[in-house]
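One structure is given below, encoded as structure tokens.
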Amino acid sequence: MAAPLRNQQAFDEIIGQLYSAGTANVADVLASASDIQKARLALFCYERAHMRAIGLAVAATCDPAALIEAGGKLGEAIYAQARTGTAPIPAPARRSITLATPTPSMPVIVDEDPDPEFYAEAG
Numbered sequence: 001m002a003a004p005l006r007n008q009q010a011f012d013e014i015i016g017q018l019y020s021a022g023t024a025n026v027a028d029v030l031a032s033a034s035d036i037q038k039a040r041l042a043l044f045c046y047e048r049a050h051m052r053a054i055g056l057a058v059a060a061t062c063d064p065a066a067l068i069e070a071g072g073k074l075g076e077a078i079y080a081q082a083r084t085g086t087a088p089i090p091a092p093a094r095r096s097i098t099l100a101t102p103t104p105s106m107p108v109i110v111d112e113d114p115d116p117e118f119y120a121e122a123g
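Per full-length UniProt numbering, the sequence shown starts with residue 1, numbered consecutively.
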């Protein structure tokens, strides 16, 4: 794993390894990655809600200058969060979608005791 981010296939493989390894083994997965590669991975993971904790774990292994170079203020914030152990910033809550309940345009009246004379006249 000399150059983990050289192409898309290698990038996808590293992401899969990070996802499988969880936060405890991030350093092992990224042992041969450069500082800027780690920073880019940290930002990529952090920006996805389901991988945010992995992003913070990757950021904890990064050089702060590389994170700031790769992500600017966000990189700086991620590095601070990773070092202090504060909870990640939650993704904005989405409003739930409600579907309209269909209502009939004309009420349906069911006559439980039909008049036999009515039906005899109609037929």
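All C-beta atoms in this analysis are idealised placements derived from N, C-alpha and C, irrespective of residue type, glycine included. Everything numeric in this text was worked out from a predicted model, so none of it was measured.
Inset, instruction - Please state whether DSSP places residue 62 in a helix, a strand or coil. - result: In the three-state reduction of the DSSP assignment, residue 62 falls in the coil class.
Inset, instruction - Indicate the three-state DSSP secondary structure (helix, strand or coil) for residue 31 in the structure shown. - result: The three-state secondary structure of residue 31, taken from DSSP, is coil.
Legend entry - Check whether residue 83 and residue 60 have beta carbons under 8 Å apart: When the beta-carbon positions are compared, residue 83 and residue 60 come within less than 8 Å of each other.
Inset, instruction - Identify, in the order they occur along the chain, each residue of the same chain with its Cβ nearer than 7 Å to the Cβ of residue 44, setting aside the five sequence neighbours on each side. - result: Excluding five sequence positions before and after residue 44, none of the CB atoms of its chain fall closer than 7 Å to its own CB.
Inset, instruction - Could you tell me how far apart the beta carbons of residue 69 and residue 36 are, in whole angstroms, since I believe they sit closer than 8 Å? - result: Contact check for residue 69 and residue 36: beta-carbon distance about 7 Å, within the 8 Å limit, so the pair qualifies.
Inset, instruction - Would you mind reading off the limits of the alpha helix (DSSP H) that contains residue 13? - result: From DSSP, the alpha helix (DSSP H) with residue 13 extends over 8 to 21.
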